[in-house]
Amino acid sequence: MNRLFKSGGCLDVAIDHGVCNEPSFLNGLEDMGLVVDMLVNAGPDAIQMSYGQADLLQSRPDHEKPALVMRLDMGNPYNASRHRVMWAELQCDDPVLPAVEMDAACVVVNLFMLPDEPDLFRQCVRNIARVRTDCTRYGMPLMIEPLVMLPNDIRGGYQVDGDAEKIVTLVRVAAEMGADIIKADPTTNADDFHKVVEAARVPVLARGGGKEDLRIVLEKSAALIAQGARGLVYGRNIYQHANPQAVVAALMAIIHDRATGAEAWEIYSHAG
Numbered sequence: 029m030n031r032l033f034k035s036g037g038c039l040d041v042a043i044d045h046g047v048c049n050e051p052s053f054l055n056g057l058e059d060m061g062l063v064v065d066m067l068v069n070a071g072p073d074a075i076q077m078s079y080g081q082a083d084l085l086q087s088r089p090d091h092e093k094p095a096l097v098m099r100l101d102m103g104n105p106y107n108a109s110r111h112r113v114m115w116a117e118l119q120c121d122d123p124v125l126p127a128v129e130m131d132a133a134c135v136v137v138n139l140f141m142l143p144d145e146p147d148l149f150r151q152c153v154r155n156i157a158r159v160r161t162d163c164t165r166y167g168m169p170l171m172i173e174p175l176v177m178l179p180n181d182i183r184g185g186y187q188v189d190g191d192a193e194k195i196v197t198l199v200r201v202a203a204e205m206g207a208d209i210i211k212a213d214p215t216t217n218a219d220d221f222h223k224v225v226e227a228a229r230v231p232v233l234a235r236g237g238g239k240e241d242l243r244i245v246l247e248k249s250a251a252l253i254a255q256g257a258r259g260l261v262y263g264r265n266i267y268q269h270a271n272p273q274a275v276v277a278a279l280m281a282i283i284h285d286r287a288t289g290a291e292a293w294e295i296y297s298h299a300g
């Protein structure tokens with residue numbers, strides 16, 4: 029945990045999108061070696077990856093490189109069309125051991141809540157129960173990612189539901205299941221996010237979801253940190269940006285220096 033929260037907060041850059049089987053997520057991730065080089069130079073606190081790509085980070089000899097957060101599961105709720113069968117599965121039979129072998133600082137597993145998909149939710153509960161047992165055995169911190177999604181006819185694909193009551197309720201499930209860290213959706217009204225933090229009772233990292241205008245991202249990020257989030261987990265808002273290193277610098281200032289959205293925009297604007 030100390031490797032993730034070096035100065036009390038954490039920026040975790042997620043680049044584990046290859047397991048989602050969604051082509052639009054891969055824009056900007058075509059050359060993973062270059063992506064990892066760029067992110068290591070940018071200096072976030074952590075990089076979130078899957079086992080098959082983690083060697084690109086962990087084979088580096090740098091002592092001060094970002095910590096590894098390893099994704100353990102995969103599923104099909106990310107596509108534009110709703111599938112006949114929705115599923116979420118762990119990636120191997122002994123899911124936490126590869127993370128131990130790769131010296132990960134944390135593992136992450138989804139907790140999907142989609143309308144009319146109770147079996148998908150049950151699969152996630154089983155996955156978490158299995159992983160929680162192994163995390164205890166290996167001494168590995170567990171990050172649970174509760175995801176409340178809109179109905180498919182509204183969302184037209186992967187879109188989160190920002191309803192505070194729904195998010196708080198699902199975060200409470202994650203907390204009850206023994207999460208060490210919770211990666212939570214932002215509430216539609218950022219001023220409600222303190223309710224999520226209070227329900228979690230463990231460090232909460234706010235996730236980014238879909239790509240948005242950077243000014244909006246920075247303002248929202250600052251508001252979420254002010255509401256008690258210990259950090260952020262952003263993917264496409266970083267790696268699909270024209271200047272990912274500048275975005276990292278702005279977000280790190282929000283998390284570690286309590287910069288406002290406007291101050292973070294100035295940092296981004298004057299970054300290399």
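Going letter by letter, the sequence shown gives residues 29 to 300 in this note's numbering. Positions of the beta carbon are idealized from the N, C-alpha and C atoms, including for glycine.
- Query: Out of curiosity, what's the CA-to-CA distance linking A292 and I282?
  - Reply: Rounded to the nearest whole angstrom, the C-alpha separation of A292 and I282 is 7 Å.
- chain E beta carbons: is any one of them nearer than 8 Å to that of A133? You won't find chain E in this structure, because it holds only one protein chain.
- Run the CB neighbour count on T302, radius 10 Å, all protein chains shown included, and call it buried at 16 or more, exposed below. Coverage of the chain is limited to positions 29 through 300, which leaves residue 302 absent and any answer about it impossible.
- Query: What beta strand (DSSP E) runs, 3 residues minimum, are completely inside the region 227 to 266?
  - Reply: Entirely contained in the region 227 to 266, the beta strand (DSSP E) runs reaching 3 residues are, in chain order, 232 to 235, 259 to 262.
- Item | Proximal residues to Y79 (C-beta, below 6 Å), its chain only, five neighbours per side dropped | Cβ within range, chain order: P126.
- Hey, V176 and M141 are a contact pair by Cβ (cut 8 Å); roughly how many whole angstroms apart? The beta carbons of V176 and M141 sit about 5 Å from each other, so the pair counts as a contact at 8 Å.
- Counterpart residues of F140 in DSSP-defined beta bridges: Residue pairing by DSSP puts F140 in a beta bridge opposite L175.
- Message: Using the three-state DSSP reduction, which class does L32 fall into: helix, strand or coil?
- Response: In this structure, L32 counts as coil in the three-state DSSP scheme.
- Message: Assuming contact is defined by CB atoms lying nearer than 8 Å, are A70 and V276 in contact in what I supplied?
- Response: In this structure, A70 sits near V276, with a CB-CB distance shorter than 8 Å.
- Look at V137 and D101 and say whether their C-beta atoms are less than 8 Å apart. A contact, by the Cβ cut-off of 8 Å.
- Item | Contact set for A254: own chain, Cβ-Cβ below 6 Å, skip 5 residues either direction | Around A254: no qualifying Cβ.
- G61 versus I43 - alpha carbon distance: So the two alpha carbons sit approximately 12 Å from each other.
- Closest Cα partner of P174 within the set D162, R150, Y166, G167: Considering only alpha carbons, the answer is R150.
- Cβ shell of G256 (< 6 Å), same chain only, five flanking positions each side left out: Closer than 6 Å at the Cβ level, and outside the excluded window around G256, lie H222, V225.
- Message: D73 and L118 - do their beta-carbons sit closer together than 8 Å?
- Response: Between L118 and D73, the gap from beta carbon to beta carbon reaches 8 Å or more.
- Residue ranges of each alpha helix (DSSP H) within the region 45 to 108, 4 or longer: Taken in chain order, the whole alpha helix (DSSP H) runs of length 4 or more contained in the region 45 to 108 are 60 to 70, 79 to 86.
- Would DSSP call D121 helix, strand or coil? Three-state result, D121: coil.
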